[in-house]
Amino acid sequence: MNVFPTSDEMGIGEAGITAIFGYAVVFVGLFILMVVLHIMGAIFKAREKKETAANSGVQSGSVSAIPDAQVESVPLAPGSAGHVKLYDVPDKEAAMVMAVVAHKMQRPLNELHFISIKEVKSDEV
Amino acid sequence: MDIFETLKALLEDSGFMGFFLDGGWKNIVMIIVACVLLYLGIKKQFEPLLLVGIAFGCLLVNISNFYVDGVSSPDALYHPELWEQFLDESSEHYHSYGNIMANGGLLDILYIGVKTGLYPSLIFLGIGAMTDFGPLLSNPKSLLLGAAAQMGVFLAFFGAVCLGFTGPQAASIGIIGGADGPTAIFLTSRLAPELLGPIAIAAYSYMALIPLIQPPLMKLLTTEKERKVKMVQTRQVSKTEKILFPIIVSMFVILLLPSTAPLIGCLMLGNLWRECGVTARLSDTVQNALMNIVTVFLGISVGATTVASSFLSLQTLYIVGLGLLAFAFSTVGGLLVGKLMYKLSGGKINPLIGSAGVSAVPMAARVSQDVGKKYNPSNFLLMHAMGPNVAGVIGSAIAAGFLLAVFK
């Protein structure tokens, strides 16, 4: 693509046009790439959401499906300060969160009462 | 054996006599320049991996070659006249690597890797393997900041034409604003090889000076309220997306601008090796061993082009000035679009990440992080700035591809 007859003869006007055109090409190129990546991201986000929904369905089937009254009726673990309600958080992660909080506060876990633990989704922030 | 005659012959043969030849003082100046660059690379740690090699190449070429009337010294490591013949269509050695191999010195032979575009492409392979494009994938809008930050490339190009440089020379000077050393070397070696020394030195020096160049501009163009903006954590990117990314970018960008194929192709191949999960050995090799080997050759052979007779000219001063202008305006371009995104997003995007759109990975992103943290200690902009930062690498490769397509 030789735009100019010889590069040595380039005038200021031609240089200006080349500069503007070049900047536009970079912008347009990356803009189209952005659109492509947005579409790709949207597809993967939708797929991820579906998988999460399916997973939380399975989890809620095992955890939250237990009615509150039933949860309350489960006997407390020895030394425990009470029940904790979990929203979209697997048991293992909840245990980890409670351990981290207790460690950071330097208090024994059984002196802390966690009321609920909920995962905050990035789109909720 | 006549001892005095032998001593006289040795003295006449020595490089010291070269200082008394016509223009020999220029070699002394270049030796001082090389020592200053060595000081900056070693003591001040300005891009030491490349600058030390470039500086030592500069030193070697100027103590081994006293280039007088177009003829190099007999034991020169680098022969500018051979490369002039290589580029001269009327010469019998036009495009003859055989002539270089047969008559060149060590640095001539190493320089073949620069001339063919081999070293910059291999460096890009390593950069690809070292780069996580996750932040860009989680926020594709970063690409616009990477595009905006190419403003300095085209403004410096325009300025260079106004100062009397030819189109290809102006394009090579402008690409300094892309803040991407391998891209600058790749484009310059193709379009204006006679300017390679000053352009490479300007590009790497300014890249090292980013923490000094960018913060005043960031402060000047943003308000305190904007600098304090805390950005929301971006989404996690799946492995499949990361694998698809280099394939999609290669196909799209190379189809759009085929001249970007060596740089974008290598960058994305390196990244694919990193992300695909089944080529860990290759990824490790290109980002460590190969990268180091190529850096050794690239530094020393670029330094070799700083021959006193061509380096010490008014052109070099213009290139240094225009390079600074290019860097500054690239930063300004990124910041202005960052401000626009701040407005359009209702204050959710911190415009400071715009300055990271100049490539210089990860230095420019670190500067965004440091400046942001200064105004809001709880702010963590690094990952947000990495998006525009890696977008800048793609942007500068596209800018170089465009200029190459226009002027080759």
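Protein sequence lines, in the order shown, are assigned to chains A and B.
Each residue of the first sequence is one higher than the last, beginning at 369 in the working numbering.
Each residue of the second sequence is one higher than the last, beginning at 80 in the working numbering.
Beta carbons are placed, not taken as given, at the ideal position from N, Cα and C, and that holds for glycine.
Out of B/Gly177, B/Leu216 and B/Gly231, the CA that lies nearest to the CA of B/Ser475 is found in B/Gly231. The way I'd put it, the stretch 104-124 of chain B does touch the stretch 133-141 of chain B; three or more beta-carbon pairs between them come closer than 8 Å. B/Lys487 carries a coil assignment under DSSP once its states are collapsed to helix, strand and coil. A residue is called buried when at least 16 other Cβ atoms come within 10 angstroms of its Cβ; B/Gly177 does not meet this threshold and is exposed. Along the stretch 291-321 of chain B, going in chain order, the ones with a CB nearer than 9 Å to a CB of chain A are Val311, Gln312, Thr313, Arg314, Gln315, Val316, Ser317, Thr319 and Glu320. Residue burial is scored here from C-beta neighbours: A/Lys417 has fewer than 16 other C-beta atoms within 10 angstroms and is therefore classed as exposed. With the criterion set as a beta carbon lying under 8 Å from some beta carbon of chain A, the members of the stretch 198-221 of chain B are Leu215, Leu216, Ser217, Pro219 and Lys220, in sequence order.
Between A/Lys413 and chain B, the shortest Cβ-Cβ separation is below 8 Å.
When secondary structure is reduced to three states using DSSP, A/Ile485 falls in the strand class. B/Tyr198 is positioned such that its CB atom lies closer than 8 Å to that of B/Phe376. Around the beta carbon of B/Phe83, a 10 Å sphere encloses fewer than 16 other beta carbons of the protein chains shown; the residue is thus reported as exposed. Look at the beta carbons and you see the stretch 298-305 of chain B touching the stretch 413-424 of chain B: at least three pairs across the two are nearer than 8 Å. Close partners of A/Phe395 in chain B (Cβ separation under 7 Å): Ala226. Pairwise C-beta distances place the stretch 463-482 of chain B in contact with the stretch 431-445 of chain B, as three or more of them are shorter than 8 Å. A/Leu398 is positioned such that its CB atom lies no closer than 8 Å to that of B/Ile206. Here the stretch 384-397 of chain B lies against the stretch 273-283 of chain B, with 3 or more beta-carbon pairs under 8 Å apart. Counting along the chain, A/Lys453 sits inside the beta strand (DSSP E) bounded by residues Lys453 to Tyr455.
Within the stretch 272-316 of chain B, the complete alpha helix (DSSP H) segments at least 4 residues long are 275-287, 289-300 and 303-306, listed from N- to C-terminus. Judged by DSSP secondary structure, A/Asn478 falls outside any alpha helix (DSSP H); it is assigned neither H nor E. Among the CB atoms of chain B, none fall inside 8 Å of the CB of A/Thr420.
Neighbours of B/Cys241 in chain A, taken as residues at a C-beta separation under 9 Å, are given in chain order as Ile380 and Ala383. Around the beta carbon of B/Thr262, 16 or more other beta carbons lie within 10 angstroms, which makes this residue buried. Against B/Met462, chain A offers no close residue; the least beta-carbon distance is about 13 Å (beta-carbon pairs closer than 7 Å).
Taking a Cβ-Cβ threshold of 8 Å, the residues of chain B close to A/Glu416 are Ser317, in chain order. Within chain A, Val393, Val394, Gly397 and Leu398 have C-beta atoms less than 8 Å from the C-beta of B/Ile477, given in sequence order. Exposure of B/Phe99 is indicated by the presence of fewer than 16 other C-beta atoms within 10 angstroms of its C-beta. One alpha carbon belongs to B/Ala478, the other to B/Ser221, and they sit about 17 Å apart. With a contact defined as Cβ atoms closer than 8 Å, A/Asp456 and A/Ser424 qualify at about 5 Å. Counting along the chain, B/Pro325 sits inside the alpha helix (DSSP H) bounded by residues Lys318 to Leu335. Sixteen is the threshold: since fewer than 16 other Cβ atoms of the shown chains lie within 10 Å of the Cβ of A/Val403, the residue is exposed. The shortest C-alpha to C-alpha distance from B/Asp211 to any of B/Phe95, B/Arg306 and B/Glu320 is the one to B/Glu320.
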